[in-house]
Amino acid sequence: MYREDVFDLIDRLARADRRTVRYNLLDEVLLLDEVLRATGVSHVGYVAFNLPTRRADRPLLSVIHAASWRKSYAQARRVDLEPVVRAGFGGITPVDWRLLDRDDPVVEKLLGEVLEFDLGANGFSIPLRGRSGEYGLFSVCCAEDASSLPPQRRALIRRLMVMSAIFHSSVQVALAIEPHVEMRLSDGELACLRLKAHGTSDHEIGVVLGVRATAVRFLL
29 MYREDVFDLI DRLARADRRT VRYNLLDEVL LLDEVLRATG VSHVGYVAFN LPTRRADRPL
89 LSVIHAASWR KSYAQARRVD LEPVVRAGFG GITPVDWRLL DRDDPVVEKL LGEVLEFDLG
149 ANGFSIPLRG RSGEYGLFSV CCAEDASSLP PQRRALIRRL MVMSAIFHSS VQVALAIEPH
209 VEMRLSDGEL ACLRLKAHGT SDHEIGVVLG VRATAVRFLL
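What the sequence shown shows, in the working numbering, is residues 29 to 248, in sequence order.
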């Protein structure tokens, strides 16, 4: 995807929002799916938690998979157990599915279902954090041979980071979420950021603050 594709996507999303009063998130995911196919991406998924709106008291989930698969996924509350979700919300950097523990039974089951539904054997997940306290995960599936070379994969991840930010922002607009600019960071978050700015590792920050490294990554 080139720069012009991103600007075209922004324009198309803006026109789509003006066309309808009742917003349908699935329509926007379909639009993203269409744009991303040019890069070898086969499917798009998005999940968001803690959205500051009464209309989203449950996790907001939208995926381009078979209806039967989506129904069983929701009924089994798989979103709470999904290894990609665990890995994505455990940090702030993009997750390359190739780095998941393939020996984990849950991961093995997930990848088996992915292959069964022909969604693509690999993928990427982009963690999203908002100023209103919400957090989300933007994921894509791609074929085994898509962007197999490291430089190509890094370029694809950069494009996905831009796409995910655009998508998450449009969700906020659609749900009439007002940004809380007065929201302040906690003392722990400020301490982590100050230490991180000096190049301190997560483990070292945890030692200083008396918490685990995983807690440090959560605060960041």
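The C-beta atom is built at its ideal place from N, Cα and C for all residues, glycine as well.
Query raised in the report: Between the Cα of Trp125 and the Cα atoms of Asn78, Leu156 and Arg181, which residue gives the shortest distance?
Result: Arg181
Query raised in the report: Do you know offhand how far Arg46's Cα is from Val199's?
Result: Bear in mind that the predicted position of Arg46 carries a pLDDT of just 45, short of 50, making it too unreliable to give a figure here.
Query raised in the report: According to DSSP, what are the bridge partners of His71?
Result: Cys169
Query raised in the report: Should the segment 234-245 be regarded as contacting the segment 213-221, the criterion being three or more beta carbon pairs within less than 8 Å?
Result: yes
Query raised in the report: In whole angstroms, what is the alpha-carbon distance linking Lys137 and Glu162?
Result: 29 Å
Requested in this report: Assign Ala225 to one of two classes, buried (16 or more other C-beta atoms within 10 Å of its C-beta) or exposed (fewer than that).
Outcome: exposed
Query raised in the report: How close, in whole Å, do the beta carbons of Val168 and Val75 come, if the pair is a contact with beta carbons under 8 Å?
Result: With a Cβ gap of about 13 Å, Val168 and Val75 do not count as contacting.
Requested in this report: Within its chain, find whatever has a CB closer than 8 Å to the CB of Pro122; leave out the 5 residues flanking it on each side and keep chain order.
Outcome: Phe152, Ser153, Ile154, Pro155, Ile185, Leu188 and Met189
Requested in this report: Determine the contact status of Ser197 and Pro80, defining contact as a CB-CB distance below 8 Å.
Outcome: no
Requested in this report: Starting from the C-beta of Arg240, find all residues in its chain whose C-beta is less than 6 Å away, skip the five residues before and the five after it, and write them out in chain order.
Outcome: Gly234
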